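Residue 1 is where the sequence shown starts when you use the UniProt record's numbering, and the numbers rise one by one after that.
All residues carry an ideal CB built from backbone N, CA and C; glycine is no exception.
No experiment lies behind these values; they were computed from the predicted model shown.
I have placed the structure first, in the form of structure tokens, so that the comments after it can refer back to it.
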Amino acid sequence: MTVTGDDVTKRRGRDETEEERADRMWVELIQEVRVAQTGVQILFGFLLTVVFQQKYDTLGATDKTIYIVTVVLGATATGALIGPVSLHRLVSGRRVKPQAVRWASRLTFVGLVLLLATMTASLLLILRVATHDGFVPWLVALVVLWYALCWFVLPLWTRRRYTSR
């Protein structure tokens, strides 16, 4: 079969096997996860120390509830973002890399959503403690919208705009 110029123009992407594609996608995914893992681990580590500060005892019931929710969200985000490493380690050499990449990608997406929730709750708690002004919910909402725009809306718009699948 001969490939004409028109066929090459119509075909997009790389000429790679499923395994080669999985290898490439795995490397890309792990690079992405490293960035998110670092952030969530630092945030989670900070959250774990808050309960041992003197100021914690002066928090009201609502702020303590927000703190507990934030810690649980941070723990779940950490688990989801470290999950791809464990997944890879446990299935390595089993010839299931394409499936492992799909599951690791899903875990990473869930981890990013949980990280968004953790950062939202953290910001809410910090601003509630720092100030009792009524603008706190509005400020938190604006930051969440910014995160959503940067993390989800822009990537999904780009995907839709520039891919033909």
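Along the chain, where does the alpha helix (DSSP H) that runs through Ser105 open and close? One-based indexing of the sequence shown puts residue 105 at position 105. Counting along the chain, the alpha helix (DSSP H) containing Ser105 begins and ends at 97-130.
Ala22: which of Trp151, Leu145, Arg102 sits nearest, CA to CA? As a first step, residue 22 is located in the sequence shown; it is residue number 22 there, counting from the start. Here the closest residue by C-alpha is Arg102.
Between which two residues does the alpha helix (DSSP H) harbouring Gly45 extend? Locating residue 45 in the sequence shown gives position 45, counting from the first residue. Where Gly45 is concerned, the enclosing alpha helix (DSSP H) starts and stops at 18-50.
Check: Gly39 C-beta below 7 Å from any heavy atom of the ligand GDP: Only the bare structure without any ligand can be found here, which leaves the ligand GDP out of the picture.
Roughly how many whole angstroms lie between the Cα atoms of Thr9 and Glu16? In the sequence shown, counting from the first residue as 1, residue 9 sits at position 9. In the sequence shown, counting from the first residue as 1, residue 16 sits at position 16. Since pLDDT at Thr9 reaches only 47, below the 50 mark, its modelled position is unreliable, and the value read off the structure follows with that caveat. Their backbone Cα atoms lie some 17 Å apart in a straight line.
Straight-line CA distance for Val69 to Val33? Your numbering for residue 69 matches position 69 in the sequence shown. Your numbering for residue 33 matches position 33 in the sequence shown. Linking Val69 to Val33 through their CA atoms gives a straight-line distance of about 23 Å.
Taking the alpha-carbon positions, what's the Val129 to Leu142 distance? Against the sequence shown, residue 129 aligns to sequence position 129. Against the sequence shown, residue 142 aligns to sequence position 142. Spanning the two alpha carbons is a distance of roughly 18 Å.
Work out the CA separation of Leu90 and Glu19 for me, nearest whole Å. For the purposes of this step, residue 19 is identified with residue 19 of the sequence shown, where counting begins at 1. For the purposes of this step, residue 90 is identified with residue 90 of the sequence shown, where counting begins at 1. So the alpha carbons of these two residues sit roughly 18 Å apart.
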